[in-house]
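Visitor:
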Amino acid sequence: MLDYEEKTVLEIAGCTCDRCKQRMTPVDLEFHERLSVRFLAGFDSIFGDGNVANIDLCPRCLKETLGDWLHITPPEGM
Numbered sequence: 001m002l003d004y005e006e007k008t009v010l011e012i013a014g015c016t017c018d019r020c021k022q023r024m025t026p027v028d029l030e031f032h033e034r035l036s037v038r039f040l041a042g043f044d045s046i047f048g049d050g051n052v053a054n055i056d057l058c059p060r061c062l063k064e065t066l067g068d069w070l071h072i073t074p075p076e077g078m
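Take the sequence shown: its letter number 68 is residue 68 in UniProt numbering, and every next letter is one higher.
Now the structure itself:
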């Protein structure tokens with residue numbers, strides 16, 4: 001016999017680029033190429049001890065701001 005329990009799950013409904021303020025939702029192709037970074041700053045961090053740093057960028061802003069340092073390679077087998 002299987003036992004079940006109810007769960008509440010959070011699902012991302014959308015994302016706003018912190019740079020250009022473009023709103024993206026899962027039905028938008030750009031949503032799936034966005035960059036979301038979130039981390040906890042450590043001891044004596046330049047971001048402040050224990051602070052949370054985060055950013056969300058749309059693909060266009062990601063390319064414009066970090067494009068010079070991104071390593072883009074074709075998929076294997078191509």
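For each residue, glycine too, the CB sits at the ideal point set by N, CA and C.
Nothing here was measured: the structure is a model prediction, and the numbers come from that model.
Tell me the DSSP secondary structure of residue 35 in three-state form.
Guide: Strand.
Visitor: What does the Cβ neighbour count give for residue 1, buried or exposed, with the cut at 16 atoms within 10 Å?
Guide: Answer is exposed; the Cβ neighbour count stays below 16.
Visitor: Give the straight-line distance between the Cα atoms of residue 33 and residue 67, rounded to the nearest whole angstrom.
Guide: Rounded to the nearest angstrom, the two C-alpha atoms are 14 Å apart.
Visitor: CB-CB under 6 Å to residue 18, same chain, minus the five flanking residues each way: which ones, in chain order?
Guide: Excluding positions up to five away in sequence, the list reads 55 and 56.
Visitor: Going by the DSSP bridge assignment, what does residue 54 pair with across the sheet?
Guide: Its beta-bridge partners are 38.
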